[in-house]
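If you count the sequence shown from 1, you need to add 556 to reach the working numbering. In this text, a Cβ means the ideal position worked out from N, Cα and C, and glycines have one as well. Here's the structure we're looking at; comments come further down.
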Amino acid sequence: MKTQQALSDEQERLRIEGLRALARIIARRALADSRALAISRNGTQTDATQPQRKRDQSA
């Protein structure tokens with residue numbers, strides 16, 4: 557079995573920074589997908605995500 561060498565403080569900081577960046581990317585993608593799914597289920601967009609011309613037509 558291999559033993560892993562401990563990371564230096566700088567390497568650990570960079571590892572954590574990279575994991576946080578990856579988590580932000582994943583969260584943004586999940587939010588974008590859930591918004592797109594909600595729009596496709598309703599067939600319409602709501603609130604500030606609704607294009608200006610659709611808001612004008614409904615008024």
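Q) Quick one: what does DSSP say Q567 is sitting in, helix, strand or coil? A) DSSP places Q567 in the helix class (H, G or I) of the three-state scheme.
Q.
Using C-beta distances below 8 Å, list every residue in its chain close to Q560, excluding the 5 sequence neighbours before and after it, in chain order.
A. Same-chain partners within the cutoff: there are none.
Q) DSSP three-state call for A562: helix, strand or coil? A) Of the three classes helix, strand and coil, the one that applies to A562 here is coil, per DSSP.
Q: Tell me whether the beta-carbon of L563 lies closer than 8 Å to the beta-carbon of R576.
A: Contact: no.
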